[in-house]
Amino acid sequence: MPRQPESARRLLTRIEQEARARRPVLALLGELLNGSGDEVTRELSGGLPGMSAGRAAEESFGCPDDACDRNDLPVPAGPVPRCLVTGAAMRRR
Amino acid sequence: MGGFFQELAKKLAERWVGLLLVPGALFVVAAVLGLHLGHGHALDWTMAARHVTDRVSAIGKLSGGAQASVVMGLLIAASAVGLVVQAMAGLSRRVFLGTWPWPLGFLVRWRTGRRRSRWHRLLEKRRELERAHPADTRTADQQRAIDRAAAKVNALAMAEPGSATWMGDRVHAVEAVARNRYGLDLAFAWPRLWLVLPETTRTEITAAHASFAAGVAVAGWAWPLFALGALWWPAFAVGLVVGATGWVRARSAVADLTALSEAAVDLHGRDLGVALGIIAESAVGPLTPDEGAKVTALVRKGR
Numbered sequence: 706m707p708r709q710p711e712s713a714r715r716l717l718t719r720i721e722q723e724a725r726a727r728r729p730v731l732a733l734l735g736e737l738l739n740g741s742g743d744e745v746t747r748e749l750s751g752g753l754p755g756m757s758a759g760r761a762a763e764e765s766f767g768c769p770d771d772a773c774d775r776n777d778l779p780v781p782a783g784p785v786p787r788c789l790v791t792g793a794a795m796r797r798r
Numbered sequence: 269m270g271g272f273f274q275e276l277a278k279k280l281a282e283r284w285v286g287l288l289l290v291p292g293a294l295f296v297v298a299a300v301l302g303l304h305l306g307h308g309h310a311l312d313w314t315m316a317a318r319h320v321t322d323r324v325s326a327i328g329k330l331s332g333g334a335q336a337s338v339v340m341g342l343l344i345a346a347s348a349v350g351l352v353v354q355a356m357a358g359l360s361r362r363v364f365l366g367t368w369p370w371p372l373g374f375l376v377r378w379r380t381g382r383r384r385s386r387w388h389r390l391l392e393k394r395r396e397l398e399r400a401h402p403a404d405t406r407t408a409d410q411q412r413a414i415d416r417a418a419a420k421v422n423a424l425a426m427a428e429p430g431s432a433t434w435m436g437d438r439v440h441a442v443e444a445v446a447r448n449r450y451g452l453d454l455a456f457a458w459p460r461l462w463l464v465l466p467e468t469t470r471t472e473i474t475a476a477h478a479s480f481a482a483g484v485a486v487a488g489w490a491w492p493l494f495a496l497g498a499l500w501w502p503a504f505a506v507g508l509v510v511g512a513t514g515w516v517r518a519r520s521a522v523a524d525l526t527a528l529s530e531a532a533v534d535l536h537g538r539d540l541g542v543a544l545g546i547i548a549e550s551a552v553g554p555l556t557p558d559e560g561a562k563v564t565a566l567v568r569k570g571r
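Listed in order, the protein sequences are those of chains A and B. Heads up: the first sequence runs through residues 706 to 798, numbered per the numbering used here. Heads up: the second sequence runs through residues 269 to 571, numbered per the numbering used here.
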């Protein structure tokens with residue numbers, strides 16, 4: 706992890722202390738990120754600064770009644786596959 | 269109450285000055301300078317300085333009333349340019365979101381097709397890695413390689429591309445997710461969903477949209493600068509910088525806007541089904557595609 710400047714580390718410690726004491730930390734986060742409260746809220750709604758892209762979700766769908774061993778792999782965010790016999794939506798495995 | 273209206277008027281005036289007047293005045297000054305210099309002396313700073321000095325001294329020699337008229341003329345011209353730019357915000361929005369007008373239909377189809385092919389190529393690379401390294405015997409490095417491959421797919425588009433631009437595909441992905449996973453046709457379901465969303469969610473989405481609109485407004489200043497660039501090329505270069513700045517801001521805002529909109533569908537899609545009486549209030553679990561299809565049928569009404 707890259708080393709933070711002393712002032713930033715002090716500020717981070719203060720944010721931790723305030724958060725533990727259950728006091729508002731938005732203004733301090735703004736100070737840390739050099740932005741206004743509104744901007745900080747907006748940036749945080751999209752994800753934490755420096756957050757990774759996350760773990761790839763390997764999604765597959767199987768028979769909704771466990772009656773066969775069909776396994777379908779749709780494209781990411783694609784349509785949920787349906788049973789070719791009953792037309793029911795297949796179940797996530 | 270008087271204080272409230274005074275404060276409101278002050279805020280509106282600040283907004284008008286910041287959004288229209290200052291950039292408009294800068295544009296008018298650049299236009300006066302650019303038209304005088306032309307392409308031939310585009311970067312002749314001595315000539316530019318002499319022209320500004322001549323103009324200022326000429327204005328200085330005018331009577332008080334004439335000087336006031338010049339200032340008023342400048343303000344009116346700046347406001348007029350600002351209003352034209354504001355009216356052209358729709359054009360910038362269409363360029364960013366890939367909803368280009370019909371003469372560019374072939375370009376939209378070509379770009380969309382290219383984006384879709386590239387997305388499938390990246391997805392195939394991810395699938396190859398997943399097949400080569402089955403989950404039960406996968407090392408941490410192999411998992412990281414798969415995560416990186418998945419991130420590349422998502423960076424291009426969050427669902428199979430259906431638009432000519434990155435921003436357009438972000439919006440398209442929200443629609444695709446709602447349709448594919450919840451059976452919801454957002455074009456018709458969104459206004460109903462909006463009415464059942466909690467106030468905090470609506471505030472977040474409105475703020476993200478305002479941020480997108482601000483990016484579009486910045487980019488809008490590129491159009492008059494491009495037009496001026498036909499007579500004075502440095503204006504074209506400035507227009508490119510301004511347009512790129514607006515594009516970057518709008519791109520970041522649209523990522524937030526679509527992430528929040530998808531989250532709203534995930535979290536409150538069921539509330540819409542309950543409000544319409546399609547799902548029992550006591551029911552639990554995420555909205556199913558069959559329930560969503562019933563919602564869509566109800567809101568589309570055969571249209």
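Think of the CB as a built atom: it goes at the ideal place given N, C-alpha and C, for glycine as much as any other residue.
- The C-alpha of B:P502 lies about 21 Å from the C-alpha of B:A485.
- The alpha-carbon of B:G332 is positioned some 33 Å away from that of B:H309.
- Against chain B, the beta carbon of A:E763 has neighbours under 7 Å at E398, A403, listed in chain order.
- Between B:L454 and B:E443, the beta carbon gap of about 5 Å places them in contact (Cβ cut-off 8 Å).
- When B:A457, B:V349, B:L535 are compared, the shortest CA-CA separation from B:R571 is found for B:A457.
- The beta-carbon of A:G751 is placed less than 8 Å from the nearest beta-carbon of chain B.
- For B:A417, the uninterrupted alpha helix (DSSP H) segment begins and ends at 408-424.
- Taking 8 Å as the threshold, the shortest C-beta distance from A:G792 to chain B does not fall below it.
- The CB of A:V730 never comes closer than 8 Å to any CB in chain B; the least such distance is about 18 Å.
- As the crow flies, the alpha-carbon of B:G366 is around 15 Å from that of B:V516.
- Residues of chain A whose Cβ lies closer than 7 Å to the Cβ of B:E428 are, in chain order, V780, G783.
- In this structure B:T433 is buried. Its beta-carbon is surrounded by 16 or more other beta-carbon atoms within 10 angstroms.
- Proximity of chain A to B:P557 at the Cβ level (cut-off 7 Å) is accounted for by V785, A794, in chain order.
- For B:E467, the nearest beta carbon of chain A is not closer than 8 Å to its own beta carbon.
- DSSP places A:G767 within a strand segment (E or B) once states are collapsed to three.
- Contiguous alpha helix (DSSP H) elements confined to the region 321-375 of chain B occur at 332-355, 357-365, taking only those with 4 or more residues.
- Classified as buried, B:D524 has 16 or more neighbouring CB atoms from the shown chains inside 10 Å of its CB.
- Residue-level contact check: A:R760 touches chain B, since one or more beta carbons of chain B fall below 8 Å from its beta carbon.
- Per the C-alpha coordinates, the member of B:A475, B:A427, B:A408 positioned closest to B:V522 is B:A475.
- With fewer than 16 other CB atoms across the displayed protein chains lying within 10 angstroms of its CB, B:G358 is exposed.
- For B:I414, a Cβ of chain A is located within less than 8 Å of the residue's own Cβ.
- Counting C-beta atoms within 10 angstroms of its own C-beta, B:P459 has fewer than 16 neighbours from the protein chains shown and is therefore classed as exposed.
- As the crow flies, the alpha-carbon of B:L544 is around 36 Å from that of B:P369.
- Around the beta carbon of B:T556, 16 or more other beta carbons lie within 10 angstroms, which makes this residue buried.
- Note on geometry: alpha-carbon atoms of B:P554 and B:L535 lie some 8 Å from one another.
- Here the region 494-513 of chain B does not lie against the region 370-389 of chain B, with fewer than 3 beta-carbon pairs under 8 Å apart.
- Residue environment: B:P429 is assigned as buried (16 or more neighbouring CB atoms within 10 Å of its CB, all protein chains considered).
- Below 8 Å, enough C-beta pairs join the region 775-785 of chain A and the region 444-453 of chain B to call them touching: three or more.
- By the C-beta criterion, the region 296-304 of chain B is judged to be in contact with the region 314-322 of chain B, since at least 3 inter-stretch pairs fall below 8 Å.
- In the three-state DSSP reduction, B:D524 falls in the helix class (H, G or I).
- The region 504-512 of chain B makes no contact with the region 382-396 of chain B, as fewer than three CB pairs between them are under 8 Å.
- DSSP lists A:R787 as the bridge partner or partners of A:A794.
- For B:P557, the enclosing alpha helix (DSSP H) covers residues 557-568.
- Counting only runs of 4 or more residues that sit fully inside the region 424-468 of chain B, the alpha helix (DSSP H) segments are 434-450, 454-464, in chain order.
- Around the beta-carbon of B:G341, fewer than 16 other beta-carbon atoms lie within 10 Å, marking it exposed.
- For B:R449, a Cβ of chain A is located within less than 8 Å of the residue's own Cβ.
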